[in-house]
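Chemist: Dropping the structure in here first, questions after.
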Amino acid sequence: MAKNFSIKHQPGFTAVAATCFVVLYLPIIVLVLYAFNAANSTSEWGGLSLKWFRSAWQNTEVIDATLRSFQIGAIAAILASIFATMAALATTRTAPYRGLTFQYAAINQPLMVPEIVTGVALLIFFSRIKIFTGYSGLGYLIAAHTAFCIPFAYLPIRARLENMDLTLERAAADLYATPWKTFRRITLPLLWPGILAGLMLAFVISLDDVVITEFVKSGGQDTLPTYMLGQIRRGITPEINAISTAFLLLSVAIVTLFFFISRKRD
Amino acid sequence: MPDKPGRNAIEVANVSKIFGSGEGQVAALDTVSVSIRENEFFTLLGPSGCGKTTLLRLIAGFDFPTHGEILLYGQDIAPLPPFKRPVNTVFQSYALFPHMTVADNIGFGLEMLGKPKAEIKARVAEMLKLVKMEALAGRRTSQISGGQQQRVALARALAPQPKVLLLDEPLSALDFKLRKDMQIELKRLQHETGITFIFVTHDQEEALTMSDRIAVMSAGKILQVGSPWDIYDKPAERFVADFIGETNFLTAAISGIGNGKARATLKSGSTIEATVAEGFQPKDNATVVVRPEHAKLTKDKGELSGTVDNIVYFGTDTHIHLRLDSGEAFTVRQQNTRSAGCGFERGDKVGIVIGNDAAQVLRD
Amino acid sequence: MATAEEVAKAAERRDIRGRWLLSAPALLVILLAATGPLLIVLVYSFLTPGPYGDVKWQFSLDAWTSVFLERDIFDDTLSIAAAHVTIFWRSIKLAIITTIATLALGFPTAYFMATRSEKTRDLWLFLITIPFWTNLLIRTFAVLQIIRNEGIINTILLKLGLITAPIQILYTDTAILLGMAYVYLPLMVLPIYASMEKLDFRLVEAGYDLYATRFQVLRRIIFPLVRPGVIAGSILVFIPALGAYVTPIVLGGGKNLMLSNLIELQFGQGRNWPLGSALSISVMIIVMVALLAYVRNAGSSGVRHG
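Chains as they are written, first to last, in this note's numbering: chain A, 1 to 266; chain B, 1001 to 1364; chain C, 2001 to 2306.
Quick look at the structure:
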């Protein structure tokens, strides 16, 4: 008897897909495993231990860099999602007007430029401003992160807005709600999942950044990724694995949350 | 009931709405004027794209007219934003707020008007009772059925006691049975609340059964305003006669006009009496309409004669399609009786009797 | 009192002004901290390097000539700058191979995901999203641990006796390629999956009904319909691969430079900011050519479905 014909089958595709998933996860699993290695080098396995987590926890440089990453990420993500929300409200659900395409292109522009180029540009620009103003705080990093986070935050917010039913706001206006009240009571609550998704996406993108931060940071402004890059360049210890594992856990937690929010329908 | 005198709730005066500009200009409404009386169930009827929804949106304030005035009890409301107009809308898609409960939806308008909490609560309870939704007050709007959503939308729009209620094809999303129930329900609500209803629909049957008066619209213009009886039995134009129900069009020469009656000489040579609008001048090539149920078939001679072309059974009645000797098509609708068939067969030579008062001369 | 038409016109003007005000903060931040400085880079590429970095405000085309040419320090003759050409060629080559490799792996993966049942599809999407959201540096570091001489691949091969000495993968072009393909794979899968998910499989049925073989269905029906996703994925992989910075440092060990490392060098030890600027603009030009090709292709694909 012949096997039933499946219209969705393509020979070899499942094997390639399976390979892809294994290959994607295998290095991550090995990395996590070695974080629990008791041996002093990453070349041998010395049994299970939490000592590298302890060592990372006691490393003030790591803690400083982590806190700095969170600080920059949180501020940049909040600013970026506020600005992206405003921009999304301005650029959706309207008849085309002069400058709309420009606004749209300008907001997405950071996505089109390789990070290295933006990094170089900001290095030049900010070094001038540093000389001019004498200020060399975290402001530069926060500004840079906010700028490249805006298009990422804009993405889910805009998508959510475009799928929103305009008649709901019309109905509110019909029921005596002023434009501001309509925004507060109808638009904002319905848009909220999109804003949250944008906020998380922006936070992760900020936490991930190496290149732009590397070029913009002043001395003593290492974020966790630039600190790790510096360590890896010098030679690897299982401590990096431990830090990576903790970082990974955070990412998985945020993706799970993101997934939950963006899949939720109402 | 049709000619209940009263004040005008809404007066639309010479209103035009033009979309686009330059070459691509489209007039969705072309100098429309109509008056809607207080406490009236008024229907805007027409095919899609005729401008009926545009007119409704202008009254609601979602769009502004290009020219003309819209008066609400004598005050021009055309420049006011929707939240400053004492007019509420029941939307085609209901537009219930998905993040609020049924009760919160109904109370929204009152809340926006800044009414005290106790008053809102009482009014919401009253509205829930009116639409028989007391049991579902705490539900999210996504957790109730389409018919229930329809009731909530009605209650929400009625709660602030608007001077006029606008209904934009509110029954179109419901299935046949539910739609019939809601038609009766809507009439009851209008009667109980005494609010002026402006109802938009493309369904002529719905318009005929529910309305006090109907305005038939086509291509941005109002063609005829009148009671359902007027619209159905005395259509003024070919479009109205054709759009409302089924009808037969016959070419005739009109003469002897007087007292709202005229003599119509048909192509067959026989002459019948027809109702005619005032001011109609005698004409050779006029059109006369006869509703299929106002004509009778006979095996003897009638005003017209022809051959049976096709017989279609409809349960309550049978439609007999004929080819007249003049070459024109004609349909006769015959009530079915329990015992026998329609009594005719395809190919039969038959006569058609047109009753007194059955024919109407069109203005066209 | 104003007529309704005047009110409507005024409301429209107010609406557009309001929209500009709303998008102003985002536009301003992007102008100051992303787009605007690109213009300064362009200006810098035409200046003379300063002795301790930065620039002297003196017009010069030297930076641009030295992108591909070098001046002999003794006899002042110009010759092709072999090192720069090698790096340009390596970057473009590696970016293209990475794009092709991720496409070859990503297309079947996206197809596999899109043909799962509705319920499990979300799970597969979740599995591909986790690496996507995981720090790129961490993932590159994970690859490093797999392919180094003491890594799992070499260890297993040694234990099996297939090799007697570890294979040197790390610090080669192959290592950079493996790393880039690994980190950018999700960027290829996600847009293809997005197109594939919308694919109407009744069209595939129609294809089989009209005597197409599996390969013909794939080539003539599925591929044209998901082409926008394929192009988007290719662009999303090509641009960052061309400007890759972390991967060559971590896996190339600083020996096998790519464009971004060459640029960084000019702002560090090289102290030649104008040359670094000219190189940056060159990268931008390559990217712009690629984007233009994308817009052309995406625009001309007349296939609509859904």
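For every residue, glycine included, the Cβ atom is placed at its ideal position computed from N, Cα and C.
Please read these numbers as outputs of a predicted model, since none were measured by experiment.
Can you tell me which of the three DSSP states Ile-1059/B falls into?
Modeler: The residue labelled residue 1059/B in the question sits at position 59 within the second sequence. In the structure shown, Ile-1059/B sits in a helix (DSSP, three-state: H, G or I).
Chemist: Round the Cβ separation of Val-1216/B and Gly-1046/B to the nearest angstrom and send it over; I've been treating them as touching at under 8 Å.
Modeler: For the purposes of this step, residue 1216/B is identified with residue 216 of the second sequence, where counting begins at 1. For the purposes of this step, residue 1046/B is identified with residue 46 of the second sequence, where counting begins at 1. 6 Å between Cβ atoms; contact.
Chemist: With a threshold of 8 Å between beta carbons, is Ala-1009/B in contact with chain A?
Modeler: Taking the first residue of the second sequence as position 1, residue 1009/B is located at position 9. Taking Cβ atoms only, chain A never reaches closer than 8 Å to Ala-1009/B, which makes this a no.
Chemist: Name the chain B residues that come within less than 8 Å of Pro-189/A, Cβ to Cβ?
Modeler: Within the first sequence, numbered from 1, the residue matching residue 189/A stands at position 189. Result: His-1099.
Chemist: What is the rounded straight-line gap between the Cα of Ile-2163/C and the Cα of Val-30/A?
Modeler: Residue mapping note: residue 2163/C aligns to position 163 of the third sequence, counting from 1. Residue mapping note: residue 30/A aligns to position 30 of the first sequence, counting from 1. Those two C-alpha atoms are separated by around 22 Å.
Chemist: Is the shortest distance between the beta-carbon of Val-2303/C and the beta-carbons of chain B less than 8 Å?
Modeler: Reading the third sequence from its first residue, position 303 is the one you call residue 2303/C. With a pLDDT of 43 at Val-2303/C, under the threshold of 50, the modelled position of that residue is not reliable, and no figure is offered here.
Chemist: Using a C-beta to C-beta distance shorter than 7 Å, which residues of chain E count as neighbours of Ile-186/A?
Modeler: Absent from the structure: chain E. Protein chains present are A, B and C.
Chemist: For Leu-2103/C, which of Gly-2151/C, Tyr-2193/C, Met-2288/C has the nearest alpha-carbon?
Modeler: Within the third sequence, residue 2103/C is the residue found at index 103, counting from 1. Here the closest residue by C-alpha is Tyr-2193/C.
Chemist: Checking contacts by CB at 8 Å: is Glu-2006/C closer than that to chain A?
Modeler: Numbered from 1 along the third sequence, position 6 holds the residue referred to as residue 2006/C. False, the Cβ-Cβ gap to chain A never drops below 8 Å.
Chemist: Let me know the beta strand (DSSP E) ranges lying completely inside the segment 1118-1184 of chain B, each 3 residues or longer, listed in chain order.
Modeler: 1164-1168
Chemist: Rounded to whole angstroms, what's the CA-CA distance from Gln-1092/B to Pro-1170/B? Just pull it up for me.
Modeler: For the purposes of this step, residue 1092/B is identified with residue 92 of the second sequence, where counting begins at 1. For the purposes of this step, residue 1170/B is identified with residue 170 of the second sequence, where counting begins at 1. Rounded to the nearest angstrom, the two C-alpha atoms are 5 Å apart.
Chemist: According to DSSP, what are the bridge partners of Asn-2256/C?
Modeler: Working through the third sequence from its first residue, we reach residue 2256/C at position 256. When beta bridges are read from the DSSP output, Asn-2256/C appears opposite no residue.
Chemist: Can you name, in chain order, every residue of its own chain whose Cβ lies under 7 Å from the Cβ of Ala-65/A, other than the five neighbours on each side?
Modeler: Locating residue 65/A in the first sequence gives position 65, where the first residue counts as 1. The answer, listed in chain order, is Asp-222, Thr-223, Leu-224, Tyr-227.
Chemist: Which partner residues does Gln-103/A have in the DSSP bridge list?
Modeler: As a first step, residue 103/A must be located in the first sequence, where it is residue number 103. Per DSSP, none; premise fails for Gln-103/A.
Chemist: For Thr-42/A, go through chain C and note every residue whose CB falls closer than 8 Å to its CB, in chain order.
Modeler: Indexing the first sequence from 1 puts residue 42/A at position 42. Those within 8 Å of Thr-42/A in chain C are Gln-2145, Glu-2150.
Chemist: Could you name the residues of the segment 1072-1095 of chain B whose beta carbon sits closer than 7 Å to any beta carbon of chain C, in the order they occur along the chain?
Modeler: Ala-1078, Pro-1079
Chemist: Glu-1303/B and Ser-1270/B: beta carbons closer than 8 Å?
Modeler: Position 303 of the second sequence, counting from 1, holds the residue named residue 1303/B. Position 270 of the second sequence, counting from 1, holds the residue named residue 1270/B. Contact: yes.
Chemist: Pick helix, strand or coil for Asn-1285/B, following the three-state DSSP scheme.
Modeler: Within the second sequence, the letter at position 285 stands for residue 1285/B. In this structure, Asn-1285/B counts as strand in the three-state DSSP scheme.
Chemist: What does a CB cutoff of less than 8 Å around Gln-71/A pick up in its chain, not counting 5 residues either side in sequence?
Modeler: Against the first sequence, residue 71/A aligns to sequence position 71. So the qualifying residues of the chain are Leu-138.
Chemist: Among Val-1308/B, Val-1012/B, Glu-1134/B, Phe-1019/B, whose alpha-carbon lies nearest the alpha-carbon of Thr-1031/B?
Modeler: Within the second sequence, numbered from 1, the residue matching residue 1031/B stands at position 31. When only C-alpha atoms are compared, the closest one is Val-1012/B.
Chemist: Taking CB distances under 8 Å as the criterion, tell me whether Tyr-97/A reaches chain B.
Modeler: Indexing the first sequence from 1 puts residue 97/A at position 97. No, Tyr-97/A does not count as interfacial toward chain B.
Chemist: In whole angstroms, what is the alpha-carbon distance linking Met-1001/B and Arg-1139/B?
Modeler: Within the second sequence, numbered from 1, the residue matching residue 1001/B stands at position 1. Within the second sequence, numbered from 1, the residue matching residue 1139/B stands at position 139. For Met-1001/B, the pLDDT reaches just 41, beneath the cut-off of 50, and the residue's location in the model is therefore unreliable, leaving the point undetermined.
Chemist: Compute the Euclidean distance between the alpha carbons of Val-204/A and Gly-2252/C, then round it to the nearest angstrom.
Modeler: Sequence index remark: in the first sequence, residue 204/A carries index 204 (1-based). Sequence index remark: in the third sequence, residue 2252/C carries index 252 (1-based). Each residue's alpha carbon lies about 26 Å from the other.
Chemist: Could you tell me which residues DSSP puts in a beta bridge with Ala-1295/B?
Modeler: Residue mapping note: residue 1295/B aligns to position 295 of the second sequence, counting from 1. Its beta-bridge partners are Ile-1354/B.
Chemist: Skipping 5 residues on each side, what residues in its chain have a beta carbon closer than 7 Å to that of Arg-2071/C?
Modeler: Your numbering for residue 2071/C matches position 71 in the third sequence. So the list reads Leu-2078, once near-sequence residues are dropped.
Chemist: Do Leu-2242/C and Leu-2187/C have their beta-carbon atoms positioned less than 8 Å apart in this structure?
Modeler: If you number the third sequence from 1, residue 2187/C lands on position 187. If you number the third sequence from 1, residue 2242/C lands on position 242. Against a cut-off of 8 Å, the Cβ pair of Leu-2242/C and Leu-2187/C comes out as no contact.
Chemist: Are Gln-1183/B and Thr-1209/B closer than 8 Å when you measure CB to CB?
Modeler: In the second sequence, the residue the question calls residue 1183/B occupies position 183. In the second sequence, the residue the question calls residue 1209/B occupies position 209. Going by C-beta atoms, Gln-1183/B is nearer than 8 Å to Thr-1209/B.
Chemist: Buried or exposed for Phe-2145/C, going by 16 or more other Cβ atoms inside 10 Å?
Modeler: Looking up residue 2145/C in the third sequence gives position 145. What sits at residue 2145/C in the sequence shown is Gln, not Phe. Classification of Gln-2145/C: buried, given that the 10 Å Cβ count is 16 or more.
Chemist: May I have the straight-line CA-CA distance separating Leu-2127/C from Thr-182/A, to the nearest angstrom?
Modeler: Counting from 1 along the third sequence, the entry for residue 2127/C is found at position 127. Counting from 1 along the first sequence, the entry for residue 182/A is found at position 182. For Leu-2127/C and Thr-182/A, the distance between alpha carbons rounds to 39 Å.
Chemist: Along the chain, where does the beta strand (DSSP E) containing Thr-1275/B start, and where does it finish?
Modeler: Mapped onto the second sequence, residue 1275/B falls at position 275. It spans 1271-1275 - the beta strand (DSSP E) in which Thr-1275/B sits, taken as one unbroken run.
Chemist: When you compare the CB positions of Ala-177/A and Met-1112/B, do they come within less than 8 Å of one another, or not?
Modeler: Your numbering for residue 177/A matches position 177 in the first sequence. Your numbering for residue 1112/B matches position 112 in the second sequence. Their beta carbons are under 8 Å apart, which means Ala-177/A touches Met-1112/B by this criterion.
Chemist: Give the single residue among Arg-128/A, Leu-190/A, Ile-78/A whose Cα lies nearest to the Cα of Ala-153/A.
Modeler: On the first sequence, position 153 is the one that residue 153/A refers to. Looking at the Cα atoms, Ile-78/A is the closest of the given residues.
Chemist: Between the Cα of Arg-1037/B and the Cα atoms of Glu-1273/B, Ile-1198/B, Leu-1154/B, which residue gives the shortest distance?
Modeler: Locating residue 1037/B in the second sequence gives position 37, counting from the first residue. Comparing Cα-Cα distances from Arg-1037/B to each of Glu-1273/B, Ile-1198/B, Leu-1154/B, the minimum goes to Ile-1198/B.
Chemist: List the whole-angstrom C-beta distance separating Pro-2131/C from Leu-24/A, where the pair is believed to meet the contact cut-off of C-beta under 8 Å.
Modeler: As a first step, residue 2131/C is located in the third sequence; it is residue number 131 there, counting from the start. As a first step, residue 24/A is located in the first sequence; it is residue number 24 there, counting from the start. 5 Å between Cβ atoms; contact.
Chemist: Straight-line CA distance for Leu-2259/C to Gly-2229/C?
Modeler: As a first step, residue 2259/C must be located in the third sequence, where it is residue number 259. As a first step, residue 2229/C must be located in the third sequence, where it is residue number 229. Spanning the two alpha carbons is a distance of roughly 27 Å.
Chemist: Residues in the segment 2214-2238 of chain C with C-beta within 7 Å of chain A's C-beta atoms, listed in sequence order?
Modeler: Listed in chain order, the positions of the segment 2214-2238 of chain C with a beta carbon within less than 7 Å of a beta carbon of chain A are Arg-2214, Leu-2218.
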